[in-house]
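Worksheet for the structure shown next.
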Amino acid sequence: MTDLVAVADEGAIRTLRMNRPDKKNALTASMYGAMADAIESANGSDAVRCVVIAGGPGAFSAGNDLQEFLQAASTGEGLGTNVVRFLHALARNERPLVAAVQGVAVGVGTTMLLHCDHVIAGSDARFSTPFISLGLVPEAGSSLLAPRLMGHQRAFSLLAMGRPLDAAAAHACGLVSTIVAPGEVETEALKAAREIAALPAEALAAARRLMRGPPGQIIERIDEEVQLFKQRLQSAEAREAFAAFLARKR
Ligand code: COA
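Numbering of the sequence shown is given in the numbering used here, commencing with residue 5 and proceeding in unit increments.
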């Protein structure tokens with residue numbers, strides 16, 4: 005259990021809020037577990053017709069907690085069970101997902117958006133995936149989904165070169181549906197969620213399944229990435245990068 009993720013149902017809409025503002029919503033194993041539980045149980049509930057994933061002002065999520073990465077590197081572990089369960093839950097999920105992004109979206113903070121159906125971003129949003137400079141490889145199925153969404157070159161720039169996208173660039177490459185003022189992100193996301201929740205649920209589910217295709221290929225890619233990620237976590241390149249971030253002087 006963690007109070008760093010708040011889950012609230014209002015009518016047919018479940019909101020799942022990452023709530024660790026002092027660490028820019030960097031995700032810990034228990035936070036991944038809570039998010040996986042919320043998505044899995046939404047899938048099992050006819051009452052939930054749309055799920056909103058939100059962060060807070062200035063930070064959607066700074067990605068995986070780097071302290072936990074460093075720990076995993078020293079114990080020889082890979083991405084933990086809760087991380088993998090969260091990634092599988094995203095891939096298998098059948099409820100429409102809306103994301104409300106303000107500020108930074110780093111690592112999985114960006115790659116989880118590739119599983120979302122509608123992304124509202126504040127004009128202050130900044131998307132980045134510094135996997136390679138951390139000595140890692142892309143995760144969450146992003147090595148498959150990002151090139152599919154934006155083409156190889158733009159995906160390479162984001163995932164391999166680690167070049168960030170501002171809100172306008174993310175919109176141009178299809179990662180973001182709508183850009184609004186930062187203070188309007190939550191309202192717009194809820195508005196979209198209500199619109200989606202009001203649609204005929206069975207027809208919508210069938211259409212979504214057709215558009216996304218079977219989840220098997222995505223799960224397979226997630227698992228392949230997880231294997232490589234485990235190897236990369238042990239690498240000197242990765243350990244040095246985590247330690248440098250955590251020891252940095254500001
Ligand atoms: N893991 C652990 N702690 C993190 C974190 C992460 N991924 N991201 C931020 N934090 C912590 C910082 O260490 C800092 O903690 P402190 O106040 O105890 O020193 C706090 O969150 C605020 O971060 P700070 O760097 O001061 O905020 P910023 O606005 O200057 O920068 C980021 C925000 C997200 C750009 C920057 O924190 C960052 O680059 N984080 C690392 C992102 C990352 O590499 N994630 C993994 C991707 S695979």
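Glycine is no exception: its CB is placed at the ideal position from the N, C-alpha and C atoms.
Under DSSP, R21 shares a beta bridge with A10, A58. Closest in C-alpha terms to E229, from the list A66, R21, T6, L83, comes L83. Contact between the segment 58–67 and the segment 200–211 is absent: fewer than three C-beta pairs spanning the two stretches fall below 8 Å. It is roughly 24 Å from the alpha-carbon of Q106 to the alpha-carbon of F160. The DSSP-derived three-state label of S181 is coil. K234 has its CB no nearer than 8 Å to any heavy atom of the ligand COA.
Residue burial is scored here from C-beta neighbours: P142 has at least 16 other C-beta atoms within 10 angstroms and is therefore classed as buried. When DSSP reads this structure, G37 sits in no beta bridge, so it has no partner. The beta-carbon separation of I43 and G145, rounded to 15 Å, does not stay under the 8 Å limit for a contact. For A16, the closest of R99, Q231, M165 by C-alpha to C-alpha distance is R99. In this structure, L74 keeps its C-beta atom at 9 Å or more from the C-beta atom of A38. Contact between S132 and P186 is absent: CB atoms are separated by about 17 Å, not below the 8 Å threshold.
Fewer than three pairs of CB atoms, one per stretch, sit closer than 8 Å, so the segment 87–101 makes no contact with the segment 160–171. Cβ-Cβ distances below 8 Å link I226 to V88, L91, H92, A95, E143, A144, G145 in the same chain, with the five nearest sequence neighbours on each side left out; the list follows chain order. Your pair A58 and E190 checks out as a contact, with CB atoms roughly 6 Å apart and the cut at 8 Å. The ligand COA has a heavy atom closer than 8 Å to the beta-carbon of P134. CA-CA distance, E206 to M116, rounds to 25 Å.
Taking a C-beta distance under 9 Å as the contact criterion, L153 and C177 qualify as a contact pair. Under the DSSP assignment, A251 falls outside any alpha helix (DSSP H); it carries neither an H nor an E label.
Around the Cβ of S147, a 10 Å sphere holds 16 or more other Cβ atoms; the residue is buried.
For A77, the three-state secondary structure derived from DSSP is helix.
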